[in-house]
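Chemist: Chains as they are written, first to last, in the numbering used here: chain S, 236 to 652; chain P, 8 to 483. For reference, the structure I am asking about is given below.
Structure follows, in structure tokens:
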């Protein structure tokens with residue numbers, strides 16, 4: 236097969252894909268409106284420097300951005316195809332909405348990140364940002380919104396909670412530099428437990444085994460209490476992330492949302508500062524989010540706490556395949572003009588049928604091509620010499636001259652004349 | 008047949024000796040032959056080695072494209088490409104220990120005293136002819152706001168007025184200090200390496216070249232010794248950022264070109280009664296004394312002038328219309344314009360093809376390539392934005408721009424189908440079996456300025472003198 240004309244890593248959405256996409260989007264939007272969120276969109280192009288400061292995107296993510304000089308970028312300052320939506324949302328809040336006690340924003344938009352081979356380089360996300368002083372109830376609200384969206388689509392989500400502050404506190408205690416911290420963090424997330432051994436060596440007073448403690452997935456708030464008992468004497472800074480996580484875990488337990496606690500979870504985003512969560516369905520990660528209290532000030536705003544999450548539409552839509560047949564988009568009625576002179580009358584009929592809420596198609600040439608006919612499965616009205624010819628049951632024809640009569644006959648109501 | 012790409016320039020003589028020592032004598036290479044295609048003595052053209060001479064920075068591109076199997080160039084140009092395009096099928100094989108240099112980030116003395124100081128600048132302006140390495144440096148340091156000025160050369164002359172940092176090749180820290188720069192960070196110990204196309208290495212017998220070089224002792228260093236490894240700075244601690252520099256300055260700033268435009272600029276300035284002491288010499292003084300009070304003069308590459316006019320760093324520059332157009336094709340909204348045509352240094356910027364191509368117009372050539380089933384038209388150009396604009400406006404359909412640094416006549420027909428090239432008499436074209444198939448435009452030396460500039464008395468005086476010189480040019 237010859238090489239595709241489509242760019243690598245880019246996806247065409249066919250009608251069925253788009254319908255599944257819309258289902259996810261609509262379920263998400265309804266949940267957001269129900270929780271008092273307002274929809275926004277940020278531009279596809281942003282200035283690169285928004286994403287380069289420490290504490291925004293990780294260096295690994297920065298290496299995958301699509302950046303270039305814009306047509307007026309003679310100064311050498313680059314722009315970027317949005318690689319993430321949270322940082323632009325933070326910019327939008329800082330520049331346009333700062334001063335509001337709380338901003339509750341949601342969006343459906345795409346992000347662009349280079350990926351190897353045929354992996355996707357454009358991903359669509361349903362995202363939510365809750366900016367303002369709302370901890371910890373904000374974190375709980377976000378988790379519930381994400382779960383509700385998935386539930387509305389007939390999916391049951393597993394929730395995992397974490398806090399990058401746990402490992403960060405230990406790495407800081409071990410005296411690792413920021414790049415070393417990031418490298419070690421990534422190695423641990425890649426399953427390299429030797430990295431935890433290296434960390435352990437740098438904190439000599441820490442006797443409990445890190446690889447033992449941190450690789451267990453806790454099932455309740457008690458697990459967090461155990462971590463506190465084992466680590467807080469040697470690493471007092473670990474108390475804050477554990478407390479924050481406990482607050483969220485406790486509320487979720489009270490309202491019956493089952494969840495697990497995994498101390499090692501997020502990668503690639505440096506902006507998370509507090510509790511984070513992942514959602515998976517049938518073993519597939521479909522979304523996640525968390526607190527990013529430092530981000531608003533990093534993009535030039537005041538110090539405002541904030542948190543957010545994003546659901547991966549492509550992942551979720553793929554799970555819907557077997558669960559619901561795509562909505563039928565077939566045409567109800569075909570207005571077939573016998574020749575060019577009848578085309579005006581055929582379109583007049585089509586307009587009247589549209590006003591009556593019918594799905595229509597107009598065809599020129601009474602017979603039409605067989606391929607065209609196969610697509611247009613609806614009832615046919617042939618327009619010839621100023622007459623509308625309706626084929627009835629058993630091959631019986633009816634001939635009408637007024638559009639209103641035709642509409643009444645085929646659509647059950649009259650509209651137009 | 009093994010295809011070997013060798014560099015033009017300073018590496019020629021020592022590399023020719025090294026190759027000859029390994030029994031690979033390339034006819035004419037060490038002597039600086041003007042021909043771009045050379046033969047290896049004693050090896051027949053069919054079963055042996057074919058050699059082509061390129062500008063050094065074009066060699067990694069040619070190897071990555073698979074046009075050549077093996078090449079020799081400074082590892083700095085390899086890293087410059089790899090840091091931006093890590094997936095390119097290019098393998099550095101071994102260090103030939105020729106042409107040693109370091110790639111340094113250096114700051115203007117007054118700007119900062121060390122790496123951490125960069126974090127306190129409102130915007131860090133970095134000039135470099137290694138823009139990808141400069142970008143990697145800025146990103147690793149997590150500079151909150153930076154601008155990379157990709158320049159064609161003379162990056163060391165940019166600080167302090169036109170940049171805060173230069174990323175340049177230097178022979179040690181003293182070399183930087185000679186340019187008035189404080190060494191901040193050494194990114195790379197560079198030298199010439201033998202590099203290979205990954206596909207060729209995987210599938211093709213490269214022994215006739217690799218064997219003699221390894222057994223001849225040329226392969227005396229590899230990646231294992233740490234040479235050629237790109238080092239990047241740690242993230243800088245966030246610091247209170249200083250205010251943006253105040254706009255406006257006392258002196259009028261004029262840039263004059265080095266390189267092929269220099270001769271024409273010298274003549275024009277002489278005709279204008281504005282001779283610059285030291286500018287006509289080689290190498291030119293970077294900051295020749297000004298003939299007019301209140302004017303500062305700087306010598307930089309003509310390609311880089313429009314950008315500095317656009318950003319307001321310069322008031323006036325003498326460059327070529329080719330360089331101005333390249334800038335405007337890249338940045339159509341740029342506020343730079345031509346204010347005086349100096350009527351010197353005329354040449355045609357043309358579309359050039361192989362003399363053997365049976366086509367008289369570009370449309371006939373496109374038809375030929377399409378009917379031959381060519382997937383994309385390969386266009387080699389020193390002015391990639393100009394070439395891109397040309398290809399778009401002539402409806403080329405699918406095409407590929409190969410940016411090149413020079414030695415362009417050797418590209419067609421093997422490594423490109425079309426060349427966007429300056430042509431004067433046609434003599435060089437004929438020598439290289441090439442012909443002009445289309446004219447893009449006629450270029451001359453010109454004076455450029457910002458559209459919105461409001462000239463004061465000094466600038467008016469300068470412009471008046473240059474206008475008189477334009478009127479007195481031989482072609483008028």
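The beta carbon of each residue, even a glycine, is placed where N, CA and C say it ideally should be.
Could you compute how far the alpha carbon of residue 426 of chain S sits from the alpha carbon of residue 199 of chain P?
Modeler: Stepping through the first chain from its first residue, residue 426 of chain S is reached at position 191. Stepping through the second chain from its first residue, residue 199 of chain P is reached at position 192. Distance between the alpha carbons of residue 426 of chain S and residue 199 of chain P is about 39 angstroms.
Chemist: For the beta strand (DSSP E) that residue 513 of chain S lies in, which residues bound it at each end?
Modeler: Counting from 1 along the first chain, the entry for residue 513 of chain S is found at position 278. Looking at the DSSP string, the run of the beta strand (DSSP E) that includes residue 513 of chain S is 511-516.
Chemist: Check whether the stretch 579-598 of chain S and the stretch 545-552 of chain S touch, using three or more Cβ-Cβ pairs below 8 angstroms as the test.
Modeler: no
Chemist: On the three-state DSSP scale, how would you describe residue 250 of chain S?
Modeler: Counted from its first residue, the first chain places residue 250 of chain S at position 15. Looking at residue 250 of chain S - three-state DSSP - the assignment turns out to be helix.
Chemist: By the three-class DSSP mapping on this structure, what secondary structure does residue 464 of chain P have?
Modeler: On the second chain, position 457 is the one that residue 464 of chain P refers to. Residue 464 of chain P falls in the helix class under three-state DSSP.
Chemist: Please list, in chain order, all residues of the same chain as residue 83 of chain P whose beta carbon is under 8 angstroms from its beta carbon, the five residues on each side excluded.
Modeler: Residue numbering aside, residue 83 of chain P sits at position 76 when the second chain is read from its first letter. Only 108, 110, 137, 140, 176, 195, 197 meet the Cβ criterion.
Chemist: Could you tell me the boundaries of the alpha helix (DSSP H) in which residue 375 of chain S lies?
Modeler: As a first step, residue 375 of chain S must be located in the first chain, where it is residue number 140. Residues 372-387.
Chemist: Between the stretch 332-352 of chain P and the stretch 410-425 of chain P, do three or more beta carbon pairs fall short of 8 angstroms?
Modeler: no
Chemist: What residues match up with residue 339 of chain S in a beta bridge as DSSP calls it?
Modeler: Here residue 339 of chain S refers to the residue found at position 104 of the first chain. DSSP output for residue 339 of chain S lists S/365 as bridge partner(s).
Chemist: What do you reckon, are the CB atoms on residue 207 of chain P and residue 213 of chain P nearer than 9 angstroms?
Modeler: Sequence index remark: in the second chain, residue 207 of chain P carries index 200 (1-based). Sequence index remark: in the second chain, residue 213 of chain P carries index 206 (1-based). Yes, Cβ-Cβ distance for residue 207 of chain P and residue 213 of chain P is below 9 angstroms.
Chemist: Residues in its own chain within less than 7 angstroms of residue 652 of chain S by CB, not counting five upstream and five downstream?
Modeler: Counting from one through the first chain, the residue named residue 652 of chain S turns up at place 417. Low confidence applies here, because residue 652 of chain S scores a pLDDT of 37, under 50, leaving its location unreliable; read the following figure in that light. Excluding positions up to five away in sequence, the list reads 637, 638, 639.
Chemist: Identify which residue in S/397, S/625, S/348, S/374 has its Cα closest to the Cα of residue 568 of chain S.
Modeler: Here residue 568 of chain S refers to the residue found at position 333 when the first chain is read from its first residue. It is S/625.
Chemist: Does the Cβ of residue 558 of chain S have 16 or more other Cβ atoms within 10 Å, making it buried, or fewer, making it exposed?
Modeler: Working through the first chain from its first residue, we reach residue 558 of chain S at position 323. In this prediction, residue 558 of chain S scores a pLDDT of 48, lower than 50, which makes its location untrustworthy; the coordinate-derived value is nonetheless stated afterwards. Counting every other CB atom within 10 Å of its CB across the protein chains shown gives residue 558 of chain S a total below 16, marking it as exposed.
Chemist: For residue 542 of chain S, list the residues DSSP reports as bridge partners.
Modeler: Here residue 542 of chain S is taken as the residue at index 307 of the first chain, counted from 1. DSSP lists S/365, S/526 as the bridge partner or partners of residue 542 of chain S.
Chemist: Report the neighbours of residue 421 of chain S on chain P: residues whose CB is nearer than 9 angstroms to its CB, in chain order.
Modeler: The residue given as residue 421 of chain S occupies position 186 in the first chain. Simply none; closest approach about 15 angstroms.
Chemist: Please list the segments of the beta strand (DSSP E) lying wholly inside the stretch 399-463 of chain P, counting only runs of 3 or more residues, in order along the chain.
Modeler: 406-410, 425-430, 441-450, 452-457
Chemist: Comparing C-alpha positions only, which one of S/305, S/286, S/304 sits nearest to residue 297 of chain S?
Modeler: Residue mapping note: residue 297 of chain S aligns to position 62 of the first chain, counting from 1. Of the candidates S/305, S/286, S/304, the one whose C-alpha sits nearest the C-alpha of residue 297 of chain S is S/286.
Chemist: Does the contact criterion of 3 or more C-beta pairs under 8 angstroms hold for the stretch 391-403 of chain S versus the stretch 507-524 of chain S?
Modeler: Yes, they touch.
Chemist: Should residue 411 of chain S be labelled buried (16 or more other beta-carbon atoms within 10 Å of its own) or exposed?
Modeler: Taking the first chain and counting its residues from 1, one reaches residue 411 of chain S at position 176. Label assigned to residue 411 of chain S: buried.
Chemist: Listing by chain order, which chain P residues have their CB less than 9 angstroms from the CB of residue 220 of chain S?
Modeler: Summary: the structure shown does not reach residue 220 of chain S, with chain S confined to residues 236 through 652, and so no result is reported for it.
Chemist: What number of angstroms, rounded off, separates the C-alpha of residue 308 of chain S from the C-alpha of residue 474 of chain S?
Modeler: By one-based count along the first chain, residue 308 of chain S stands at place 73. By one-based count along the first chain, residue 474 of chain S stands at place 239. Cα to Cα, the separation comes out at about 47 angstroms.
Chemist: Within 10 Å of its beta-carbon, does residue 317 of chain S have 16 or more other beta-carbons around it, so buried, or fewer, so exposed?
Modeler: The residue you call residue 317 of chain S lines up with position 82 of the first chain. Label assigned to residue 317 of chain S: buried.
Chemist: Could you confirm whether any beta carbon from chain S is found closer than 9 angstroms to the beta carbon of residue 93 of chain P?
Modeler: Start at 1 with the first residue of the second chain, and residue 93 of chain P comes out as number 86. Yes, its Cβ sits closer than 9 angstroms to a Cβ of chain S.
Chemist: If distances are taken between C-alpha atoms only, which option among P/13, P/147, P/450 comes closest to residue 239 of chain P?
Modeler: The count along the second chain starts at 1 and reaches residue 239 of chain P at position 232. The residue with the shortest Cα to Cα distance from residue 239 of chain P is P/147.
Chemist: How about residue 340 of chain P: is its C-beta nearer than 9 angstroms to some C-beta of chain S?
Modeler: Sequence index remark: in the second chain, residue 340 of chain P carries index 333 (1-based). With 9 angstroms as the cut-off, residue 340 of chain P counts as an interface residue toward chain S.
Chemist: Near residue 314 of chain P, which residues of its chain fall below 7 angstroms by C-beta distance, leaving aside the five closest residues on each side in sequence?
Modeler: Here residue 314 of chain P refers to the residue found at position 307 of the second chain. Answer for residue 314 of chain P: 156, 334, listed in chain order.
Chemist: Look up residue 461 of chain S in the DSSP assignment and give the residues it is bridged to.
Modeler: Sequence index remark: in the first chain, residue 461 of chain S carries index 226 (1-based). Looking at the DSSP assignment, residue 461 of chain S forms no beta bridge with any residue, so it has no partner.
Chemist: On the criterion of 16 or more Cβ atoms from any shown chain inside 10 Å, does residue 309 of chain P qualify as buried, or is it exposed?
Modeler: As a working note, residue 309 of chain P is residue 302 in the second chain. With 16 or more Cβ atoms within 10 Å of its Cβ, residue 309 of chain P is classed as buried.
Chemist: Using a Cβ-Cβ cut-off of 9 angstroms, state whether residue 343 of chain P counts as contacting chain S.
Modeler: By 1-based counting over the second chain, the position of residue 343 of chain P is 336. Chain S, which has a Cβ nearer than 9 angstroms to the Cβ of residue 343 of chain P, makes this yes.
Chemist: Cα-Cα, which of P/37, P/351, P/28 is closest to residue 17 of chain P?
Modeler: One-based indexing of the second chain puts residue 17 of chain P at position 10. Measuring from the Cα of residue 17 of chain P, the nearest candidate turns out to be P/37.
Chemist: Report the neighbours of residue 308 of chain S on chain P: residues whose CB is nearer than 8 angstroms to its CB, in chain order.
Modeler: The count along the first chain starts at 1 and reaches residue 308 of chain S at position 73. Simply 338.
Chemist: So, for residue 80 of chain P: in the same chain, excluding its five sequence neighbours on each side, which residues have a beta-carbon less than 6 angstroms away from its beta-carbon?
Modeler: The residue given as residue 80 of chain P occupies position 73 in the second chain. Cβ within range, chain order: 14, 63, 66.
Chemist: Going by the beta-carbon positions, is the gap between residue 99 of chain P and residue 85 of chain P smaller than 9 angstroms?
Modeler: The count along the second chain starts at 1 and reaches residue 99 of chain P at position 92. The count along the second chain starts at 1 and reaches residue 85 of chain P at position 78. In contact: residue 99 of chain P and residue 85 of chain P (Cβ atoms closer than 9 angstroms).
Chemist: Interface residues of chain P around residue 288 of chain S at Cβ under 7 angstroms?
Modeler: As a working note, residue 288 of chain S is residue 53 in the first chain. In chain order: 149, 151.
Chemist: Closer than 6 angstroms by C-beta to residue 74 of chain P: which residues in its own chain qualify, once you throw out the five before and the five after it? Chain order, please.
Modeler: Numbered from 1 along the second chain, position 67 holds the residue referred to as residue 74 of chain P. So the list reads 422, once near-sequence residues are dropped.
Chemist: With H, G and I counted as helix, E and B as strand and the rest as coil, what does DSSP make of residue 385 of chain P?
Modeler: Reading the second chain from its first residue, position 378 is the one you call residue 385 of chain P. Correct three-state label for residue 385 of chain P: strand.
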